[in-house]
Structures are given as structure tokens and as C-alpha cells.
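Let me begin by presenting the structure, written as C-alpha cells, before commenting on it.
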Amino acid sequence: MKSLLQQLKQKTKLHFYYSLRHSRFLLLFIALMFFNVIVTKSQSVVFKYITPRASPYQYVSDTVFYIISQPGGVCGQPELIVPSGIDHVDYKGLLAKAKLSNGAKRFRAEAGKTLEITVEFHYSKYFSNTPRPSGTAQDWINAGSETESATFFTGAKVIQDWKEDRNSNIFTKKYGVTFTKGSYLGYVRLPLEGWLWQPPQGNLYFYTNPILIPTIVSGQLDEPVAILGKAIQPMVPYMVLHAPPGDGSSSETAETKTSCREFSTTLETESVHNADVAVKIGIAGSAGLFVTTDFEFSVTFSAKLTAGDLAIKSNANQTCVTMTKGFSTGAMIGLKGSGDVFMGYGTDLDYGIYRIIRQDAKTCLTSLDSGLVYAPSSNARTFFMTEEQLLDDIAYQRSVSARTDTTVKARNLAANQADVWEKILAMNKANKDNPSNSLIKNITFGKGVTITEESGITVVNTNTLDVQNYLEASVGIAALVEVAGSGVSGGYEYTNKHRYGNTTTNSQETQKMVKYTLTDDDAGDKFDVKIVRDPMFGTPVFRLESSTKSSCPYQGGYQRDQPKLKHDGTTNDRITSLKNPIGSSATFKLDICNESNEARSYNLKLNATSNLNGAVVSASGVPLNGNDLGQTYLVPANSCLQDLIVEVKQLSANSPLSYPNLELFLYSECEPDIQSSVFASIYFGNATAVENETNNDLLKVYPNPSSGKLNISFGSDKNIEFINIMDMSGKTILHAPIIDSKSIHEIDLSGLAKGVYVLQVQSNGKRQTKKLILE
0 MKSLLQQLKQ KTKLHFYYSL RHSRFLLLFI ALMFFNVIVT KSQSVVFKYI
50 TPRASPYQYV SDTVFYIISQ PGGVCGQPEL IVPSGIDHVD YKGLLAKAKL
100 SNGAKRFRAE AGKTLEITVE FHYSKYFSNT PRPSGTAQDW INAGSETESA
150 TFFTGAKVIQ DWKEDRNSNI FTKKYGVTFT KGSYLGYVRL PLEGWLWQPP
200 QGNLYFYTNP ILIPTIVSGQ LDEPVAILGK AIQPMVPYMV LHAPPGDGSS
250 SETAETKTSC REFSTTLETE SVHNADVAVK IGIAGSAGLF VTTDFEFSVT
300 FSAKLTAGDL AIKSNANQTC VTMTKGFSTG AMIGLKGSGD VFMGYGTDLD
350 YGIYRIIRQD AKTCLTSLDS GLVYAPSSNA RTFFMTEEQL LDDIAYQRSV
400 SARTDTTVKA RNLAANQADV WEKILAMNKA NKDNPSNSLI KNITFGKGVT
450 ITEESGITVV NTNTLDVQNY LEASVGIAAL VEVAGSGVSG GYEYTNKHRY
500 GNTTTNSQET QKMVKYTLTD DDAGDKFDVK IVRDPMFGTP VFRLESSTKS
550 SCPYQGGYQR DQPKLKHDGT TNDRITSLKN PIGSSATFKL DICNESNEAR
600 SYNLKLNATS NLNGAVVSAS GVPLNGNDLG QTYLVPANSC LQDLIVEVKQ
650 LSANSPLSYP NLELFLYSEC EPDIQSSVFA SIYFGNATAV ENETNNDLLK
700 VYPNPSSGKL NISFGSDKNI EFINIMDMSG KTILHAPIID SKSIHEIDLS
750 GLAKGVYVLQ VQSNGKRQTK KLILE
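To convert, note that position 443 of the sequence shown is 442 in numbering that gives the first Met the number 0; the numbers rise steadily by one, no gaps.
Given below as C-alpha cells:
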């Protein structure tokens, strides 16, 4: 697919002598008196002064002026616009002349950057009352300040006032000129006070004359920008608060604190002007968008599960977050993932295309390019999410992006958001694991100890996050030739970079921006923690050393809970028992083991979802059926409780004969994810595993995953008696008797919550099961 730049290549080269447009923002500054260009040097221009005739008695004496431009320059041999006489200067006439000046002979300047101009006045002799030769005149620079005699001009900033070198007969003065906007025709104006002594009468004249230097100013034009459409930016994080180890530990932001950091956005471009192209921030007005450097955008977060009141203020260069109540990782204990809390926002943006004047320093040719300007158009979309919640949202956004029954816009926005979450999780892991992270301190703690510390938020490195954005196609978008992107159905995709820069506040107040508490209530847990600085977000990161011992939950170091369940006499975790007499019991033995170096308590339990045919299962005479915690065993360190007898029997004479893949598992009560399982397939009478597997293969469920409506078939068998839907605990939440005979049955489960279920189908007295996912 062709890139957006290739599809929409519409750059227009505007040579200086075609560019007579007058910008409404002109910074006008002043040069010297009446002189013509005689020599052009690198970065400097030499002018020869010619005294204008004020009377028939006046003759000419030559005086030379130098105008030296740094760091800008000149194009060709610059033309100066000068008055035609000493008195009665026609300012409007000078402007008219400037507009008609040769564009290839103008000074160069760049909007926002100071152009330094040095003026040197070289004169032949000092003024003297001694009579001069008849018909000659003498002129010199008055060392006083410049004057402004026209209201439509703006004065230059004097960097260095007049300095006199009597040995070389030179006066020198420096000016700083800064244009704020791009313009095809700006002006530099320098004023000069002078005295003219006229022989033979010796009359002394005072005058002030302006000199205009027409200037091309590269940069954005000052003009309203039409709103072309709306872009929805993916949500991105501004801060990450890392969860410390210990089941009672937490990190929180301190109240009434403010932290600022550099935070800007730039475009990924295909242009040779990469360094100049940026996404410009603007404000919305009645005539469209206006690019501005005095911009502030505020985001207010309302109270949520883990957040108090806080506000974010952002401008083109930095973003500040102010906490009035703060937020904490404390409520995240027990959730899957790291427990880190990500806080940030996304915005809906009105966007338009602004125009940029560019100038080639070698050829002095100008071109008109384009850039993107945006302004927030509605309230920000804020978020506080943990790693687990980000993973859940990634799955959801991916499902939306894969749907064909929604809009192109919705699919692209979902895919872009999922991409951001995945990048953030990867960056967060890399940030925490970075071996170069600066050390804050080392701390050791265990049960009965509570440690509270405070830390600032400091960032010294710069990081970037690439974010894909989607723009709906609209009239005028083809002018956006600077954006490197690609056309997609219904719009365009482009990439911008979110730059996470240095923190800019370092007061005593912000040095205590984050407070963390370290504590744990499990006897025997010991946490050796190295606290380092997150290189991207500046918040404390907590690393556990290998000498750590943890449990309930296991968070790193040595794992204190290590259950292991085995079939007695075999290393295989699956056994099969055939031809058990109907109405009798089948038994097998288990070894309950503990591979930890200390005694631990574990629970033995039957997985209810593996027992859908309703077998009665007990261990050492204690029933394992039900949704309780199971049977508890205290197991010595590095040893096993052997030959535990497990009994399996039918509930009644009419119960099924097959009980395949019954799962028993040994787990830590405080952390069920740490477990070990074995499986047993028990068959009564002539029931066989082959028959069961064949029948189970006949059961078809589709689509699976399903959004609600489900089709069920059992091969050519039309005698399906009923369908059960059970949750993962084994509880039946839907029972649907089947009264008609057909090979395919449709049921609607759209009323059930999203999640994992077990589908059970009974046909001719036999029950078969399938796992079902609703999304």
C-alpha cells in the first residue's frame, strides 16, 4: 500500500519572487541610513553610505556600513528599502517598495529563533568645527538611543549598545530580532539618529531615518485552520505506581503534591524536514483552529477504586499532575499480574492542516509544506488500570478489531488501543528489569515489621512511545503531506511519538511525591528488597533479591509452598480403572507430597467440573464432592503422606457408568494457583474409555467462543434429552429440556455473563461435556 505521502504528494514550490503575500504578523526592525550594497560576504553584507543632498551646497563624502547576520543569513545581495531624502520620510511608500522587493534578495530568519544583527559604522573623520573644503559635508552616528516614529513598526531588542573604537573609526551596535510567525515578507528595521553639518554657513541638522530590510521568515503561517474532522487518541499512561512486595504493602501518591515533566508529541514523518515537523497544539475558535504556544489543557480525575482527586495540566512542552487526595496500589493485593497501577488519559481531538513556510539555506528557495494541528474537543477519557485489567482490555480490544459487523473506525481504534497497552506492558517490564536503574536504597523486612518511606519522582532519561492514530477521511486531508502514514479503508493511519522527558520540578515538596509502606503478616516470610528508580516514570521500583522467601502470595525468591500430588507406585499423573462392578466402589492410592524445605499445609480437592456425571468421591472416608476448600493435610518438609485411599462410586443404580478424567488437585489454600493435579478415569460394567471418547467426539458446539447464540449437534443422534450449562464450580445455572427431535439445536445464552462454562448434553442416558466460552 502506498504511503500517505506518496498518495497525496501535492507540495507547491513557491519561489521568493512569487511570494508577495503580506503576513499580518510582521516584526519590523531597522537598519542604517542611505546606502547601496557593494559587497556580499559569507553571513555578512557591506553597504556604502551616500549622504543625501539637502542643499545645493552639499557634496558627498563616503561612509561604509556593515550589517552582519548571525545565525541566519542573506540570500543573494540583499536589497534595502531606504528613504529618498533626509526630511519627510514616507513610511507607507517604504512599505510599498518592500512588498515589491526581489524575493531572491531578502534576509533569512526562522520563526521563534533570535536573529542577531551587528551594525558597524565606519567613518572617515570626527566632526569638527574647523571649516571643511567648500561644498563638502560630514555625518556621524549619534550615540543616543534609537527612536520609533511610526506606530506600525516594532522595535528591535538591543543586545549591545553603541561602542566606539576611535583607533579604527568604527561604531558598533548589536540587535536581536525574533519573529514569532512565518511570513513571506517580514521586515527588519533599524533606526539612526544623525547630524548633518552643512558648510559654508555651518548649519547643523538633526534627522532620524529608518532602513527596511525585507526578510523571509520560515515557520508556520498565522492564519485560522479549518477543522477537518475528529481524531480519537488512544489512552496513554502518564504515571505508573509500582506495587511493593508484602501482602500488606502499598505505594501511594502523597496528597497536595505537584510533579511536572517534559511531555510532548511529535509526528513520525517521511519528510526531509523531520526535525521541524511536530504535532502543533491549538485552541478552537469560531473561525477554526489557531496554533498557539500559550496552551493549557486540563484533565480532572474523579474518585475511583484506587484514586482520589487529582488533576493534570498539559501544554506543548510539559505536563503537571497535582494530587489532592492521591491514589494507592493497596486495593490491588490479590489481583493477577504485578499489581502496578497505570494512570493516564486519552483525548478526542479536532484536527486540521496548518501551512509551513520552509527555506532552503543553499538555494534560498521557499516551499509551502503542511503539518497537523489539533485541539482537545471534549473531556478527557481517564483511566486507572492494573496489569491484569490491561490484559483483559487487550483481549477485548482485539476481539472488537476482528469483528466484521462494526465500522472500520471502531476496528482501527480498538487495534490501536490494544497496541498501546501491549507496548506499555512490555516497556514496564523492561523498565523494571533495566540493570542500569539508579539505586534508591536496600531494605529487609518480614512479619511484625512496618516500614514507611517517601520518595520523589525523578526522570533524567528520555523515552518515547509510538502510537498509531486513525483519522477518518475528509475533505482537505490530502494536504497533509508531511505525515508518514498509510491509507486504510475509510481513513488514514499515522504514527506519532509521545516523548516522556525529564522531570522539571525538584522542590522539597515534590521530593516526597510517593509514599510506600512495606509490611507482611506471614510468619517465615522474609523480603530482601532493592528499591530502584523507574527510568521512564521516575517512581520507585521494588526488586526482590534471590535471598527472599515468600508465600501467600508467592512474590519472588524462594517459593515456600511446593505441593506435589502423585499416583502411588507410578510417575504417570493419569490412571484408568475398567470393569468395576456396577454398584461397587473403585479405589486407588495417592501420595501427598511437600517439596518445600519446611512443613506446609495443603488442601486436597476434587475439581467439580471434571465430575459432571456425578460420581461420589472421597479420600480416607472424607467426601471430596462439593464446593468447600477440600481436605487439609499438614505435610513435613521434603516428604510425602503415602497411600492415601481415594474411593469412587456411583450415586445410584441409574447413574452413568463412565467417569472419565476425574481431577484431584493439591493446593495452597492461600494461593490456589500453586497446585498439583492427577487424573483418574473410572468405568463400571462394560463401559470403556474408547466408547466414551467416540461419543464425545460426536458432540459439536459452535460457534465456540460464542457471543450468545449456540448450535449443538450430537452426530446423527436426534434423541437429545436435555442440555445443562454449569459454571466452573459445577453449579447448574441453566437446564433446558429438549422436546423436539432434530439433529441441530440452537440455544440463546446472551443473558449469561461473559466467561468460561461447561456444556453438558444427555442423549440415550449418556452425558457428554464440552468447555464453552462466552464473550
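Each residue gets a CB set at the ideal place from its N, CA and C atoms; glycine is no exception.
In the DSSP assignment, what are the bridge partners of residue i?
i           : result
residue 458 : DSSP, once it has assigned bridges, lists no residue as partnering residue 458.
residue 639 : 592
residue 395 : DSSP output for residue 395 lists no bridge partner at all.
residue 660 : Answer is none; residue 660 lacks a bridge partner.
residue 181 : 220
residue 774 : Answer by DSSP bridge pairing: none, since residue 774 is not bridged.
residue 188 : 211
residue 176 : 114
residue 645 : 587 and 618
residue 632 : 601
residue 342 : 238 and 383
residue 743 : 712
residue 665 : 603 and 675
Below 7 Å between beta carbons: does that hold for residue i and residue j?
i           : j           : result
residue 751 : residue 771 : no
residue 213 : residue 357 : no
residue 246 : residue 672 : no
residue 661 : residue 686 : no
residue 681 : residue 576 : yes
residue 570 : residue 600 : no
residue 220 : residue 354 : yes
residue 385 : residue 419 : no
residue 572 : residue 588 : no
residue 547 : residue 496 : no
residue 252 : residue 458 : no
residue 553 : residue 602 : no
residue 468 : residue 230 : yes
residue 328 : residue 376 : no
residue 515 : residue 702 : no
residue 769 : residue 700 : yes
residue 108 : residue 114 : yes
residue 236 : residue 343 : yes
residue 674 : residue 664 : yes
residue 712 : residue 737 : no
residue 445 : residue 524 : yes
residue 725 : residue 757 : yes
residue 162 : residue 171 : yes
residue 116 : residue 174 : yes
residue 449 : residue 241 : no
residue 93  : residue 184 : no
residue 248 : residue 623 : no
residue 604 : residue 629 : yes
residue 218 : residue 103 : no
residue 545 : residue 521 : no
What whole-angstrom Cβ distance do residue i and residue j have, given they're in contact under 8 Å?
i           : j           : result
residue 535 : residue 382 : 18 Å between Cβ atoms; not a contact.
residue 747 : residue 707 : 6 Å
residue 526 : residue 443 : 7 Å
residue 745 : residue 698 : Rounded, the Cβ-Cβ distance is 15 Å, inconsistent with contact.
residue 640 : residue 591 : 4 Å
residue 186 : residue 97  : 6 Å
Count the CB pairs spanning the region 527-544 and the region 447-459 that are closer than 8 Å, and state whether there are at least three. yes
Only counting runs of 3 or more residues, tell me where the beta strand (DSSP E) segments fall wholly within the region 523-558, in order along the chain. 525-532 and 539-543
When the Cβ atoms of the region 408-417 are set against those of the region 390-400, are three or more pairs found closer than 8 Å? yes
At which residue ranges does the region 557-625 contain complete beta strand (DSSP E) runs of 3 or more residues, listed in the order of the chain? 562-566, 573-579, 584-593, 599-605 and 615-618
With three or more beta-carbon pairs closer than 8 Å as the criterion, would you say the region 346-353 touches the region 222-240? yes
Would you be able to state if there are at least three C-beta pairs under 8 Å between the region 586-596 and the region 553-573? yes
The region 614-631 touching the region 719-726, judged by at least three CB pairs closer than 8 Å: no
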